[in-house]
Every structure is written in structure tokens, then in C-alpha cells.
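Under the numbering used here, read the sequence shown as residues 353 to 555, first letter to last.
Beta carbons: idealized from backbone N, C-alpha and C, even for Gly.
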Amino acid sequence: MSSYLNADKTYLTLTPAGIFEAFSQSEPTPEQLSLQDLLSHNETLLAADWLERYSDEWLDSFLEHGWIEKLSLFLPAPNLPLDQFLPYVVSSLSGKRRAAIGSDEGFCLARIGYSQEEADMLSVAADFSGFMLRQKQRGWAVESQAISFFQQVDLLIPETSFVFLWIDGSGYVLIIDGEPLTNNRAFVELVWALKTSGLKFTN
Numbered sequence: 353m354s355s356y357l358n359a360d361k362t363y364l365t366l367t368p369a370g371i372f373e374a375f376s377q378s379e380p381t382p383e384q385l386s387l388q389d390l391l392s393h394n395e396t397l398l399a400a401d402w403l404e405r406y407s408d409e410w411l412d413s414f415l416e417h418g419w420i421e422k423l424s425l426f427l428p429a430p431n432l433p434l435d436q437f438l439p440y441v442v443s444s445l446s447g448k449r450r451a452a453i454g455s456d457e458g459f460c461l462a463r464i465g466y467s468q469e470e471a472d473m474l475s476v477a478a479d480f481s482g483f484m485l486r487q488k489q490r491g492w493a494v495e496s497q498a499i500s501f502f503q504q505v506d507l508l509i510p511e512t513s514f515v516f517l518w519i520d521g522s523g524y525v526l527i528i529d530g531e532p533l534t535n536n537r538a539f540v541e542l543v544w545a546l547k548t549s550g551l552k553f554t555n
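What follows is the structure in C-alpha cells.
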């Protein structure tokens, strides 16, 4: 497939599925690191630039799995502090327009729609990622990258979802109120902001 790319004019970025593949582990594989590299710059990479560092066969496989999206124009990385950027994407992520980002140490890093008290309480739930890691070490085949809680017994729309991501060795939890809408470009933009922001925040 990549042999048919016009590599000098085609830009690459991750799809939402690619985000889950790339940032799902605290110790990523070389292939996952190559996916992460697509969101490690201030603009989208040309396919030719990526192929200077990584395997053509990997690119074919990533395209086949739907982890990479081809673009005809470059896109700039988000350039706002995280707590200023979150309001721009929250309506695309949360059915109730409420979301927060917590660290794996239980601290709220950014929030929109939640009160500070609510966000702090939910951020403590980042310990779920530690729970899943401990169960994997004990041999339980836990492959989930998110946990959802439901208020209604029909289990149709979760009350709150926790999406776990590992970025540059640090764990994060994306907390989404209502229906989680992660299968869209806003989810990719948010992770790109986390990856490139250097965790810029305003007080």
C-alpha cells in the first residue's frame, strides 16, 4: 500500500484507533513508539520523513489496521495550554459536555463542566489503571483501555467513562461524562495536545 503513496506530498496522522494502539502501554513496543512519533511534532509529518526512520512494512500494516490516516495537507499541533484547549474539544468528546484529565497520581490537570471538587474526586479513579496493570501481572488477560460505569441497568449509555493513556512514560486518564465520543478527530487532537504541550497550564 505505501508503495502507492506520493510520500513527498502525503502527510500522516493517527486515527482514534491508532491512538488506542499507540498509547495503551506504559512500556510501548518499537511499533507503538513509531506511531507515537506521528504526534511528537508541531505539525503532521510527511510520509517520506516518517519512512526515513521506520519500516515501509510497518506503514503498510498500520494503514491496513486503520491506525494511520493519510492527509493531503499538513495540520499544526494544538498550541494552547491544556486547560484552555479542553473547552474546544469537549462537545466532541462528551455527550454531556463534561470532561476532565487526570494524572495517574490522582491529580486533576484540566477540567470543563465539572466542578473542581468533582474533577478532583474523579481523578483519583486513575488508580483503575494501576489495578488493570496489577491484574495483567497476575495473569488476567485484561486488554481494556477504558472503564465505564453505568447508572441504568440496560447498560446503553455509561454515566462516566475513564480512558487510560500512557504518554512519554506518564499515565493519564481522560474522564468523560455521559456517552464517550472518542471515535473522532477531537480525541486525536486532545492526545496530540498532551503529547506536544509540555503540559503547559495556566493557573
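Beta-bridge analysis with DSSP links L432 to no other residue.
Take the alpha-carbon of L357 and the one of D456: they are about 39 Å apart. DSSP places S475 inside the alpha helix (DSSP H), whose first and last residues are Q468 to S475. Fewer than three pairs of CB atoms, one per stretch, sit closer than 8 Å, so the segment 389 to 400 makes no contact with the segment 451 to 468. In the three-state DSSP reduction, E383 falls in the helix class (H, G or I).
In chain order, P430 and A545 place their CB closer than 6 Å to the CB of F437, counting only its own chain and leaving out the 5 sequence neighbours on each side. Between I420 and P439, the C-beta gap is not smaller than 8 Å, which leaves the two residues out of contact. Counting other Cβ atoms within 10 Å of its Cβ, G418 stays below 16 and is therefore classed as exposed. The straight-line gap separating the alpha-carbon atoms of W410 and F375 is approximately 17 Å. Ranked by Cα distance from E470, the options D529, E373 and L445 are led by D529.
Here DSSP, grouped into helix, strand and coil, assigns A374 to helix. Nearest to S386 by alpha-carbon distance, out of A400, P433, D401 and Y406, is Y406. Counting only the Cα atoms, V543 lies some 13 Å from I527. A distance below 7 Å between beta-carbons, with the five flanking residues on each side excluded, links Q384 to the following residues of its chain, in chain order: E373, A374 and Q377. Boundaries of the beta strand (DSSP E) harbouring A452: A451 to S455, taken from the DSSP string. Its chain contains R449, A451 and I464 as the residues whose beta carbon lies nearer than 6 Å to that of V442, once the 5 sequence neighbours on both sides are disregarded; these appear in chain order. The Cβ-Cβ distance between T362 and A399 falls below 8 Å.
For A462, the pairing in a beta bridge is given by DSSP as I453. It is roughly 31 Å from the alpha-carbon of S444 to the alpha-carbon of D401.
Contact check for V525 and I371: beta-carbon distance about 14 Å, past the 8 Å limit, so the pair fails to qualify.
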